[in-house]
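Worksheet: the structure to be examined is printed underneath.
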Amino acid sequence: MGRIVIDPVTRIEGHLKVEAVVEGGEIKEAMSSGTLFRGLELILKGRDPRDAQGVTQRICGVCPTSHSIAAALNLDSAFGIADRIPENGRTLRNLILGAAHIADHVLHFYHLAALDYVDVAEIADYDGHNPTLRSIKAFAQRGELAPFVPRYEGDYRVPGPTNREMIAHYVSAFDIRRKAQEMLALFGGKMPHNVAVLPGGVASVPSVDSITSFYWRLKELKQFVDEVYLPDVLTVAQYYPDYLEVGRGCQRFLSYGSYDLETSETDLTRRERLFQAGTATAELQAGQLDTSMIAEQVRYSWYSDDSGDRHPLQGATEPHKDKPAAYSWLKAPRYEGQVYEVGPLARMLVNYGAGNTVVREALDQVLSGTGLSASALCSVLGRHLARALETKIVADSMLDWVLKLTPGDSGYVEYEMPQEATGMGLVEASRGALGHWIRIDEGRIANYQVITPSTWNISPKDDRGQPGPLEQALIGTRIRDESNPFEIVRIVRSFDPCLACSVHVLDLERRPRYVLRVC
Ligand code: NFE
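Note that our numbering has the sequence shown beginning at 550, numbered continuously upward.
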């Protein structure tokens, strides 16, 4: 029996340690640990509720835009203005969030995950004239191939010319990400930590100029998604079909839904959205979402036990760093006591199962070319495919939405802040279901709780000992070479984990806490 420890896992966001117990070449047990503490909830206690809009964006530098939308929806609901957001405000929020998601998904595939399948070292044999590839080759010849090495030596299968084309796409994807961030800043003011999304709507007023600037960049992004990103993911699927079987996970899916198409319905789980809220099984059995069934458990988390199994409105953040048996700073969110995966795959399966025609048509079109069924997507490559497909759906929808903006119209509504209230903001961040909950007492924040997507996906075992979604996806995987466990990192990266929503635990005596092996 062997034990594999990867700490930290690189090419993800934040600090994750993965441990796997291997017996007979197969993972029998897995533990995922968030090794940093996120205490933003404690910082918010006692503050003006409107501070949550700015403070919660600092949870993370990658997904601050999703937090800005979740916080705004949360405060809208607490302030009683969820159904009063002007049309421009609703549309601008969708465009700001969509720009963030496109940038994020392109970042994830090209700059984090694709290097598990594309062999950059192969560039040493390149004798063509592409200037980008020639300059990477020059670095390789000088032995300066970082950040592409060190790495686990995977079984790289994409043939030379296609492989090199994808290396060139790695570089062009930087430009695409920049353009998506520019789009976000046109209406949001800046990235990261936009300043325009507020409770009550969006503070910026679109002009013909800003709409046109947004539109032409979006056209270019759409072309990249259609002609480069989606085909590249399908290419990977063609050469690694076994990864359509690997990493299936818990096979229960949950989504809060995203991109409001109207705001008259104040219950966000029933509001008409581009992606609707719900649950699904791998067999595509859809279910209605009941947020009262969400609770966090902490038996294996570094939090005091009496803060366990609570709905987020009653949630507590009481760190207990020496707790026996605990192994993660992440709590274990569960729905009806069961383990659920969130993320792009969940969004696609929940909406496919519920008969969302936009998702059905897009997914059926891609699947007809691959011969797969929608339920076969519960896998490493299924997650990548779902992510690329939803990027296409979002980009296509945004082309329509941006032309619906009315130049010069305000997207913001005035409001009065209540002294006592509760609120809930549900949205889909790039990585999945993101929820913010607030309780206001005497005009101040009495409690603010955030459950991020990675808290769902990377959660440790729960009070009943059920492993989290990533842990379940790792268990049963066959490892070819324990000293080179590329199968593990491929599974981990398919979830696009982000543990950055954390604050460092400092040891003021500077004792070493871990020996790090960077791969
Ligand atoms: Ni820090 Fe995030 C996203 C949120 S965490 S990147 O997407 O919320 O999974």
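No residue lacks a Cβ here, since even glycine has one placed at the ideal position from N, Cα and C. Values in this document were obtained by computation on a predicted structure and should not be read as measured data.
Any idea what DSSP makes of ASP990, helix, strand or coil?
strand
query: From ALA745 to SER762, what does the alpha carbon distance come to, in whole angstroms?
result: 17 Å
*Which same chain residues, not among the five before or five after ILE561, have their C-beta less than 6 Å away from its C-beta?*
PRO1046
Can you give the Cα-Cα distance for PRO882 and PRO1018, rounded to whole angstroms?
11 Å
Self-check item: Environment of GLU977 [buried if 16+ CB atoms lie within 10 Å]
Solution: buried
Rounded straight-line distance, which links the Cα of ASP816 to that of ALA822
It should be pointed out that residue 822 corresponds to Arg in this sequence rather than to Ala. Distance between the alpha carbons of ARG822 and ASP816 is about 12 Å.
Task: C-alpha gap between PRO680 and ILE987, whole angstroms - done: 53 Å
Return the bridge partner residues of PHE736 from the DSSP annotation.
For PHE736, which the question treats as bridged, DSSP gives no partner whatsoever.
key: Segment contact flag, the segment 764-778 with the segment 897-912, C-beta cutoff 8 Å, min 3 pairs   = no
Is LEU694 close to chain C, meaning its C-beta is less than 8 Å from at least one C-beta of that chain?
In the structure shown, chain C cannot be found, because there is only a single protein chain.
Q: Measure the C-alpha to C-alpha separation of ASN743 and GLY737 and round it to an integer number of angstroms.
A: 5 Å
**Secondary structure of CYS1068, DSSP reduced to three states** = Residue placement at CYS1068 cannot be trusted, given a pLDDT of 44 that sits under 50; what the coordinates show is reported in the next sentence. Here CYS1068 sits in coil by DSSP.
field: Short Cβ contact (8 Å threshold) for ALA835 with GLY902
entry: yes
Assuming GLN602 and PRO741 are in contact, meaning their beta carbons sit under 8 Å apart, how far apart are those beta carbons, in whole angstroms? Between PRO741 and GLN602 the Cβ distance is about 14 Å, and since that is not below 8 Å, they are no contact.
Buried or exposed: which applies to HIS616, given that a residue is buried once 16 or more other Cβ atoms fall within 10 Å of its Cβ?
-> buried
* Asked: In angstroms, rounded to a whole number, what distance separates the CA positions of PRO967 and GLY960?
  -> 22 Å
*Who are the near neighbours of HIS1053 in its chain, counting only those whose CB is closer than 7 Å to its CB and skipping five residues on each side?*
Any reading at HIS1053 is ruled out, since the residue's pLDDT is 32, under 50, leaving its predicted position unreliable.
Using 8 Å as the cut-off, can you tell me whether the segment 994-1008 makes contact with the segment 948-962, which would need three or more C-beta pairs spanning the two stretches below that distance? no
message = To test your reading of the DSSP string, which unbroken beta strand (DSSP E) runs of 3 or more residues are found completely within the segment 812-872?
response = 822-824, 827-830, 843-846
Completely contained alpha helix (DSSP H) runs for the segment 583-633, where each covers 4 or more residues: 589-593, 600-604, 613-628
May I have the straight-line CA-CA distance separating MET732 from ILE645, to the nearest angstrom?
8 Å
Relative to ligand 1, is the shortest distance from any of its heavy atoms to the C-beta of GLU769 smaller than 7 Å?
no
For this session: Please look up how many angstroms separate the CB atoms of TYR797 and SER928, rounded, as I've assumed it's under 8 Å.
Result: Reading the sequence as shown, one finds Arg at residue 797 and not Tyr. With 8 Å as the limit, ARG797 and SER928 qualify as a contact, their Cβ atoms being about 6 Å apart.
Inset, instruction - Inspect the beta-carbon positions of ARG552 and GLU568 and report whether they are closer than 8 Å. - result: yes
Exercise. Output the boundary residues of the beta strand (DSSP E) element that contains ARG1029.
Key: Run containing ARG1029: none; DSSP gives neither H nor E here.
Notebook entry, point to check: Any heavy atom of ligand 1 closer than 7 Å to the Cβ of CYS612?
Noted result: yes
* **Distance cut-off 7 Å: ARG726 Cβ against heavy atoms of ligand 1** => no
- Task: My understanding is that LEU833 touches SER917, with C-beta atoms under 8 Å, so please give their C-beta distance in whole angstroms.
- Result: Their Cβ separation, rounded to whole angstroms, is 17 Å, which puts LEU833 and SER917 out of contact at 8 Å.
| request: Write down the C-beta distance between ASP600 and LEU593 rounded to the nearest angstrom, noting that I regard them as a contact closer than 8 Å. | output: 7 Å
**OP:** Please find out if some non-hydrogen atom of ligand 1 comes closer than 7 Å to the beta-carbon of SER804.
**Re:** no
With DSSP as the reference, label TYR778 as helix, strand or coil.
-> helix
Report task. Verify the contact flag: PRO1002, CB atom, against every heavy atom of ligand 1, threshold strictly below 7 Å. Result -> yes
>> Distance check for VAL891 and THR830, CA to CA, integer angstroms please.
In response: 12 Å
**Prompt:** Which ranges does the alpha helix (DSSP H) cover as unbroken runs of at least 4 residues, wholly within the segment 632-661, from first to last along the chain?
**Reply:** 636-655
Segment contact, 8 Å Cβ cut-off, at least three pairs: the segment 864-880 with the segment 844-852:
yes
I need the boundaries of the beta strand (DSSP E) containing THR802, first residue and last residue. Per the sequence shown, the amino acid found at residue 802 is Phe instead of Thr. From DSSP, the beta strand (DSSP E) with PHE802 extends over 801-804.
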